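Working notes, structure below.
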Amino acid sequence: MTGRIHIVHKRSARTRKEVIDALNEAIDNREEGIMVKDPTSTYKPDKRGEGWLKIKPEYVNGLMDELDLLIVGGYWGKGSRGGMMSHFLCAVAETPPPNEKPTIFHSICRVGSGYTMKELYDLGLKLSKHWKPYNRKDPPGNILCGTEKPEMYIEPCNSVIVQIKAAEIVDSDMYKTDCTLRFPRIEKIREDKEWYECMTSDMLEDLRSKAQGKLASKHLHIDENDEPHEKKRKTVSKNILC
0 MTGRIHIVHK RSARTRKEVI DALNEAIDNR EEGIMVKDPT STYKPDKRGE
50 GWLKIKPEYV NGLMDELDLL IVGGYWGKGS RGGMMSHFLC AVAETPPPNE
100 KPTIFHSICR VGSGYTMKEL YDLGLKLSKH WKPYNRKDPP GNILCGTEKP
150 EMYIEPCNSV IVQIKAAEIV DSDMYKTDCT LRFPRIEKIR EDKEWYECMT
200 SDMLEDLRSK AQGKLASKHL HIDENDEPHE KKRKTVSKNI LC
């Protein structure tokens, strides 16, 4: 809020377990994460390291709920990504009747990170012959969008599912779902799934209501003597504040 300073609760910690407990508490409180600090360090704007470490649930494998979304639109890249689709419009399926495949898809987010250039190139080869220009005056009836429109679109049956990781689900009128993903990135292409096996609108609403939009709802559990495998850092022998 403009004009106000929020004083964040702090505590001293010496052990790995105390830091993990603080992270799990932040998850329960629907907070973004924690800051771990060497108490003798000083704050330096726009500097990384220097005795300050940010820990968020999305930095740790297995703590975040991930979404299997269908690519329904694309945007031409620029620079080194010129001549190919570098960003994608993703959608969920309108929940179909039992034992039927979905026919209508609702846009939810635009994503343009998380993949390597090779992965982007391979995906481009797979989808290249199926792209069609998106006509704003005569849009496809099976792909419903909000104010965010793609430059090109692809028929759902010719597309692929991508596994998306994001920080949270937030309200937005730019997409048909009336919500979108904060900081979305592609984790992988779901080669093991058919196009009609993507997330449905009912599944999205369940996930959205489960943790007030936060996609981190699981706790980190390690034994006292275990080292976290996701990121290895040097142990700080001094007290730390989190």
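First residue of the sequence shown? That's 0 in numbering that gives the first Met the number 0, and the numbers climb one at a time after it. Cβ atoms here follow ideal geometry from the backbone N, Cα and C, with glycine treated the same way. Bear in mind that the values here come from a model prediction, so they are computed numbers and not experimental data.
Would you kindly check if the distance between the Cβ of residue j and the Cβ of residue i is under 8 Å?
i, j, result
"Y174", "M151", "no"
"C197", "I160", "yes"
"G72", "P149", "yes"
"L203", "T176", "yes"
"V59", "L219", "yes"
"G78", "M84", "no"
"K55", "E49", "no"
"L126", "I153", "yes"
Could you check if residue i is buried or exposed, using at least 16 other CB atoms within 10 Å of its CB as the buried criterion?
i, result
"I6", "exposed"
"I163", "buried"
"H129", "exposed"
"I33", "buried"
"V18", "buried"
"P101", "buried"
"M116", "exposed"
"N238", "For N238, the predicted model reports a pLDDT of 49, less than 50, meaning its position is unreliable; a value from the coordinates is still stated below. Classification for N238: exposed."
"S106", "buried"
"V235", "Any answer about V235 is weak, because its pLDDT of 43 lies below 50 and its placement is not dependable; what the coordinates show is given next. By the neighbour-count rule (16 or more Cβ atoms within 10 Å), V235 is not buried but exposed."
"K16", "exposed"
"L124", "exposed"
"T41", "exposed"
On a Cα-Cα basis, can you pick out the residue from the options that is closest to residue i?
i, options, result
"I70", "S200, L219, N157 and D64", "N157"
"E99", "V35, T199, K77 and E17", "T199"
"R189", "D45, E65 and S127", "E65"
"D67", "A166, W194 and D205", "W194"
"K53", "W75, E30, T39 and Y74", "E30"
"A166", "G50, K136, L206 and W75", "L206"
"H8", "E24, K131 and D172", "E24"
"A12", "V35, F104 and D170", "V35"
"S38", "K136, D45 and R10", "For clarity, residue 38 is Pro in the given sequence; the question names Ser instead. Among K136, D45 and R10, the Cα nearest to that of P38 is on R10."
"L88", "T94, T146 and T41", "T146"
"R80", "D121, T14 and G2", "D121"
"P95", "G82, K217 and D201", "D201"
"I221", "Y74, T1 and L22", "L22"
"F104", "P138, D170, T1 and Y114", "P138"
"Y74", "R3, G2 and K131", "K131"
"K217", "D20, T1 and T14", "D20"
"Y114", "E93, G2, K46 and H86", "H86"
Is the segment 193-210 touching the segment 130-143, taking contact as three or more C-beta pairs under 8 Å? no
Taking three-plus beta-carbon pairs below 8 Å as touching, is the segment 181-190 in contact with the segment 104-116? yes
Contiguous beta strand (DSSP E) assignments of at least 3 residues, all confined to the segment 156-182: 160-164, 167-170 and 178-181
Within the segment 101-158, ranges of the alpha helix (DSSP H) (whole runs, at least 4 residues): 116-126
Give the list of continuous alpha helix (DSSP H) stretches no shorter than 4 residues that lie fully inside the segment 6-40. 15-27
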